[in-house]
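As numbered in this note's numbering, residues 2 to 230 make up the sequence shown, in order. Idealized CB from N, CA, C, for every residue including glycine.
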Amino acid sequence: NQIQVNADVGLTFANGLRSILRQDPNIVMVGEIRDKETAQLAVQAALTGHLVFSTLHTNSAAGILPRLLDMGIEPFLIASTVHTVIGQRLVRRTSDERTSYQSNAAETAAINATLGKLLPGSAAERAKAKDDLGYDNLPLRGQKAYTLFKGNDAPETPGGYKGRMGLYEVFGISENIQNLILKRSTSAEIQRQAIAEGMITMREDGYLKALTGQTTLAEVNRVAAADSA
């Protein structure tokens with residue numbers, strides 16, 4: 002079942018969630034956590050065995066945890082209830098009619114700096130890269146130029162783009178990250194730990210998608226800064 006919030010009649014996210022929890026659901030989806038009351042209700046629902054999905058507006062996946070702290074949720078509650086964090090930003094998708102080209106020096110340097118540790122180092126490593134990253138035939142790292150793609154500009158595909166797609170970063174709440182939450186660590190500290198545990202950043206995900214022709218480096222650079230990698 003689904004409820005549309007309407008603050009004019011008193012049906013806020015918090016009141017709607019409170020009403021839903023009285024029905025003892027197994028899974029709850031809260032469109033957005035905007036205030037402390039809604040955050041507290043979501044945490045209490047998670048503590049009592051409900052699987053809760055929701056969204057918050059932050060600059061990165063790691064920023065969600067300090068955001069909950071800023072809302073007044075106790076660190077031990079966040080550490081014990083949050084299971085997985087997903088960050089998402091949208092970029093324009095390259096149209097199906099596309100042209101390949103070779104990266105220039107600046108683009109090549111950016112690719113090597115961003116994906117130097119992710120791209121396979123040899124043909125034999127491509128299978129592992131496919132298993133780890135989900136992409137076929139990734140180029141070998143350290144090249145002097147990479148094959149990139151741009152969509153053909155046309156009335157139905159302005160700028161060579163058609164539709165949108167997501168760039169993602171995902172990490173689970175490990176024991177190390179739980180300890181960082183308990184210490185009220187910054188989003189940068191949490192981000193570094195998540196990367197150390199294998200998280201692919203949105204910028205890295207975007208560059209992988211650019212190398213496979215799904216979007217362009219310009220789009221990725223527009224929404225995912227270099228310091229987010």
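For GLN192, DSSP records no beta bridge to any residue.
In this chain, the beta strand (DSSP E) harbouring ARG93 covers 85-95.
Listed as beta-bridge partners of MET30 by DSSP are PHE54. By DSSP's assignment, PHE172 forms a beta bridge with VAL86.
In terms of CA proximity to THR13, ILE34 leads the group THR100, ARG23, ILE34. The C-alpha of LEU218 is placed about 37 Å away from the C-alpha of LYS184. Around the beta carbon of MET203, 16 or more other beta carbons sit within 10 angstroms, so the residue counts as buried. Comparing alpha carbon positions, the residue from ALA62, ASP36, LEU42 closest to ALA225 is ALA62. Of the other Cβ atoms in all chains shown, 16 or more fall within 10 Å of the Cβ of GLY64; this residue is therefore buried.
The alpha helix (DSSP H) runs of length 4 or more contained entirely in the region 78-162 are, from start to end of the chain, 106-116, 127-134. Exclusion of the five residues before and after ARG68 leaves LEU57, THR59 as the residues of its chain whose Cβ lies within less than 6 Å of its Cβ.
VAL83 is classed as buried because its beta carbon has at least 16 other beta carbons within 10 Å across all chains shown. Taking a C-beta distance under 9 Å as the contact criterion, LEU141 and PRO121 qualify as a contact pair. With contacts defined as CB atoms closer than 9 Å, ARG90 and GLY214 fail to qualify as a contacting pair. In this structure, the beta-carbon distance from VAL171 to VAL86 falls below 9 Å. One thing to note: ASP206 has its Cβ no nearer than 9 Å to the Cβ of GLY152.
Around the beta carbon of GLN103, fewer than 16 other beta carbons sit within 10 angstroms, so the residue counts as exposed. The distance from the Cβ of VAL92 to that of ARG165 is about 7 Å, consistent with a contact at the 8 Å cut-off.
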